[in-house]
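Peer 1: Sharing a structure below in C-alpha cells format, with a few things to ask.
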Amino acid sequence: MAAPQTRQLSSLDGVEMLSIHVVNDTGKNESQEHANNEFDYSQRGQWLRAAVLGANDGLVSVASLLMGVGSVKEDIKAMIVAGFAGLVAGACSMAIGEFVSVYTQRDVEIAQKKREKAKRSSEVHENEEVAEKEQLPNPGQAAIASALAFSVGAVLPLLAAAFIRDHKARMAVVAAVASMALMVFGVVGALLGGTPVVKSSIRVLVGGWMAMAITFGLTKLIGSDGMKI
Numbered sequence: 001m002a003a004p005q006t007r008q009l010s011s012l013d014g015v016e017m018l019s020i021h022v023v024n025d026t027g028k029n030e031s032q033e034h035a036n037n038e039f040d041y042s043q044r045g046q047w048l049r050a051a052v053l054g055a056n057d058g059l060v061s062v063a064s065l066l067m068g069v070g071s072v073k074e075d076i077k078a079m080i081v082a083g084f085a086g087l088v089a090g091a092c093s094m095a096i097g098e099f100v101s102v103y104t105q106r107d108v109e110i111a112q113k114k115r116e117k118a119k120r121s122s123e124v125h126e127n128e129e130v131a132e133k134e135q136l137p138n139p140g141q142a143a144i145a146s147a148l149a150f151s152v153g154a155v156l157p158l159l160a161a162a163f164i165r166d167h168k169a170r171m172a173v174v175a176a177v178a179s180m181a182l183m184v185f186g187v188v189g190a191l192l193g194g195t196p197v198v199k200s201s202i203r204v205l206v207g208g209w210m211a212m213a214i215t216f217g218l219t220k221l222i223g224s225d226g227m228k229i
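Pasting the structure below:
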C-alpha cells in the first residue's frame with residue numbers, strides 16, 4: 001500500500017513542478033514581450049539631439065543676429081545679409097562640430113569594444129561584428145542632420161524679415177516668429193524625447209528670449225553714437 005501512495009505523491013510533485021515551470025516560462029515570455037513593446041527613447045538620442053539642438057541654434061542665432069543688427073541699422077539689406085552670413089557660418093560650424101564630436105564618441109566606443117573582445121573567444125567575435133557596427137554612431141549622418149536642422153531654424157526669421165519694409169514692424173515680426181518657432185521646437189523635442197511638454201517648451205522659449213534681448217541690448221550699446229570704440 002505504501003508503494004502506490006509514494007508513486008502517486010511523486011507524480012503529483014512532478015505535475016506541480018511542471019505547472020510551475022510553465023507558469024515561469026509564461027511570465028518570462030510576457031515580460032519579454034512587454035520589454036519589446038516598450039520603446040527605448042535613448043535610441044533616438046543621437047539624431048534627436050543633433051536635429052533639435054541644430055534647429056534651436058539656427059533659430060536663436062539668426063533671430064538674435066537680426067535683432068542685434070536691427071538695433072543699430074534700419075536698412076533691410078544689412079539685416080538680411082548679416083542673417084544669411086550667420087546661417088551659412090552657423091550651419092558649417094554645427095556640421096563640423098557635430099562630426100568631430102560624434103567621431104570622437106565613435107572612436108571611444110570602438111576602443112572599448114576592442115578591449116571587451118580581447119576577453120572573449122574568437123568564435124563569438126565574428127557573430128557580433130555586424131551587430132556592433134550597426135550600433136556605432138554615424139558622424140556623417142549627425143553632421144548632415146545638424147547642418148540641415150540649423151538651416152531650417154535659421155531660415156524662419158530670415159523669411160519673416162525679408163518681406164517687411166517698416167523697421168519696427170520687421171523687428172516685432174522677427175521676435176514673434178522666433179517665439180512661435182521656439183514653442184514648436186520645444187513641443188516637438190519633448191514629444192519625441194518623451195519629456196514633459198510644458199516644461200521643455202517654456203525652457204526653450206525663455207532661453208531664446210534671453211538670447212535675443214541680450215544681443216539687442218549689447219549691440220545697441222556698442223553701436224550707439226555715444227560710445228567710442
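Counting in the numbering used here, the sequence shown runs from 1 upward without gaps. C-beta atoms are modelled at their ideal positions from N, C-alpha and C, and glycine is treated no differently.
Could you tell me the alpha carbon to alpha carbon distance between Met94 and Gly83, rounded to whole angstroms?
Peer 2: Straight-line Cα distance between these residues: approximately 16 angstroms.
Peer 1: Keeping to the same chain, check which residues put their C-beta closer than 8 angstroms to that of Leu158; ignore five residues upstream and five downstream.
Peer 2: So the qualifying residues of the chain are Val62, Leu66, Ile80, Gly83, Phe84, Leu87.
Peer 1: Between which two residues does the alpha helix (DSSP H) harbouring Lys117 extend?
Peer 2: Segment 76–117, the alpha helix (DSSP H) holding Lys117.
Peer 1: Any idea if Gly75 is buried or exposed, counting beta-carbon neighbours within 10 angstroms, 16 or more meaning buried?
Peer 2: For clarity, residue 75 is Asp in the given sequence; the question names Gly instead. So Asp75 counts as exposed.
Peer 1: Closer than 6 angstroms by C-beta to Ser146: which residues in its own chain qualify, once you throw out the five before and the five after it? Chain order, please.
Peer 2: So the list reads Ala50, Gly54, Met94, Ala95, Glu98, once near-sequence residues are dropped.
Peer 1: Taking the alpha helix (DSSP H) that Leu221 belongs to, which residues open and close that run?
Peer 2: 197–223 is the span of the alpha helix (DSSP H), which, as asked, contains Leu221.
Peer 1: Measure the CB-CB distance between Gly153 and Asn56 and report whether it falls below 9 angstroms.
Peer 2: It is a contact, given that the beta carbons lie within the stated cut-off.
Peer 1: Tell me the rounded alpha-carbon separation between Ala160 and Pro196.
Peer 2: Ala160 and Pro196: Cα-Cα distance of roughly 29 angstroms.
Peer 1: Taking Val184 as the reference, give the member of Tyr103, Ser200, Gln105 with the closest Cα.
Peer 2: The candidate whose alpha carbon is nearest that of Val184 is Ser200.
Peer 1: Going along the chain, which residues of its own chain have a beta-carbon closer than 6 angstroms to the beta-carbon of Gly223, five neighbours each way excluded?
Peer 2: The answer, listed in chain order, is Val72.
Peer 1: Looking at the secondary structure, which residues open and close the alpha helix (DSSP H) in which Lys73 lies?
Peer 2: Careful: Lys73 lies outside any alpha helix (DSSP H) and carries neither H nor E.
Peer 1: If you draw a straight line from the C-alpha of Val177 to the C-alpha of Leu191, how long is it?
Peer 2: Taking the straight line from one Cα to the other gives about 21 angstroms.
Peer 1: Taking the C-alpha atoms as reference points, what is the distance between Gly207 and Thr215?
Peer 2: Taking the straight line from one Cα to the other gives about 12 angstroms.
Peer 1: For the alpha helix (DSSP H) that contains Pro139, what are its first and last residues?
Peer 2: Note, Pro139: alpha helix (DSSP H), 139–162.
Peer 1: Who are the near neighbours of Gly68 in its chain, counting only those whose CB is closer than 7 angstroms to its CB and skipping five residues on each side?
Peer 2: Cβ within range, chain order: Thr215, Phe216, Thr219.
Peer 1: Please classify Val198 as buried or exposed, where buried requires at least 16 neighbouring CB atoms within 10 angstroms.
Peer 2: Val198 comes out exposed.
Peer 1: Would you report the Cα separation of Val204 and Arg165, rounded to the nearest angstrom?
Peer 2: The straight-line gap from Cα to Cα measures roughly 29 angstroms.
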